[in-house]
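Comments concern the structure below.
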Amino acid sequence: MPLLPRRFKKLKSILNRRISDLTILVEQVEKPHNLSAIMRTCDAAGVLEAHAVARETKTRTFNSTAQGSQKWVPLKDHKNIEAAALFLKKQGFKLYGTNLSVDAIDYRYCDYTGPTAFVLGAEKWGLSEPATRLMDAAIYIPMRGMVQSLNVSVAASALLFEALRQREVSGTLPQNGEGLPNEIYEKILFEWCYP
Ligand code: SAM
Numbered sequence: 203m204p205l206l207p208r209r210f211k212k213l214k215s216i217l218n219r220r221i222s223d224l225t226i227l228v229e230q231v232e233k234p235h236n237l238s239a240i241m242r243t244c245d246a247a248g249v250l251e252a253h254a255v256a257r258e259t260k261t262r263t264f265n266s267t268a269q270g271s272q273k274w275v276p277l278k279d280h281k282n283i284e285a286a287a288l289f290l291k292k293q294g295f296k297l298y299g300t301n302l303s304v305d306a307i308d309y310r311y312c313d314y315t316g317p318t319a320f321v322l323g324a325e326k327w328g329l330s331e332p333a334t335r336l337m338d339a340a341i342y343i344p345m346r347g348m349v350q351s352l353n354v355s356v357a358a359s360a361l362l363f364e365a366l367r368q369r370e371v372s373g374t375l376p377q378n379g380e381g382l383p384n385e386i387y388e389k390i391l392f393e394w395c396y397p
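In my numbering, the protein residues as written are 203 to 397.
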């Protein structure tokens, strides 16, 4: 089917606002509804690419909660948390590990205007010990209720939208594809136009 001009314009306007230096890394988050909700939030927040470390034995699935967002936000797999952390650090990302321990910092007091990766842990046990050691900072979202933690996708959402808020205030949100090298921009646009 030929690509309609209106569709092309829409794809371009979404890609123009994709953010290459804001991402999430999920460590063993495997429930399809959680992963799906996280991918949908990444798409909504304009994340260009997300990252995951999964248990070898599990095959990843998404459900209708994702609303197809996994087509628009690639989820890059890493073989373990060390490889994932190295990959992101090499690109200049600061790793913010979510951690409910007492020495974690209230997430509202960190600066997410530079390259930022939020690292979220498994539904049952949170971030692993090796992951925690690799983080640049530990952050938490303060809560006031009886239950000990937020759902992981809700936590991802609060963090990503705080980063967006900060970038909006600092005027650093891309509007015209800034920050995406031209060849990458053209490659993604082509893939989106002709999936
Ligand atoms: N018992 C686990 C623990 O102690 O970490 C709870 C895991 S929680 C259900 C799953 C993930 O959601 C966490 O690893 C973290 O990434 C995120 N999360 C949940 N509540 C959070 C909060 N208040 N602040 C930051 N991240 C949170």
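Each residue gets a CB set at the ideal place from its N, CA and C atoms; glycine is no exception.
Closest to residue i by CA distance: which of the options is it?
i	options	result
Gly248	Pro376, Glu393 and Glu385	Pro376
Leu302	Lys278, Trp274 and Ile341	Ile341
Cys312	Tyr387, Gln350 and Leu362	Leu362
Glu325	Pro397, Ala358 and Pro317	Ala358
Ala169	Pro317, Arg310, Met241 and Gln293	For residue 169 there is no data in the structure shown, the boundaries of the chain being 203 and 397.
Met337	Tyr314, Thr300 and Met203	Thr300
Gly323	Tyr314, Ser372 and Ala333	Ala333
Ile307	Ala285, Asn282 and Ala339	Ala339
Glu284	Arg335, Thr315 and Val349	Arg335
Ala256	Leu277, Phe289 and Ile386	Leu277
Note down the Cα distance separating residue i from residue j, rounded to an integer number of angstroms.
i	j	result
Val228	Thr374	25 Å
Ser215	Ser330	38 Å
Lys273	Thr225	16 Å
Tyr298	Ile343	12 Å
Val321	Leu391	28 Å
Arg367	Arg219	14 Å
Asn353	Pro204	42 Å
Ser351	Trp327	11 Å
Leu250	Pro207	23 Å
Glu388	Lys281	28 Å
With C-beta atoms as the reference, is residue i less than 8 Å away from residue j?
i	j	result
Cys395	Leu213	yes
Ala252	Val275	yes
Asp223	Thr318	yes
Leu217	Gly381	no
Ser372	Thr243	no
Would you list, in sequence order, the uninterrupted alpha helix (DSSP H) runs of no fewer than 4 residues that lie entirely inside the stretch 233 to 303? 234 to 247 and 283 to 292
Flag this pair as touching only if the stretch 261 to 270 and the stretch 281 to 296 have three or more C-beta atom pairs under 8 Å; answer yes or no. no
Any beta strand (DSSP E) of 3 or more consecutive residues that is wholly inside the stretch 322 to 366: 339 to 342
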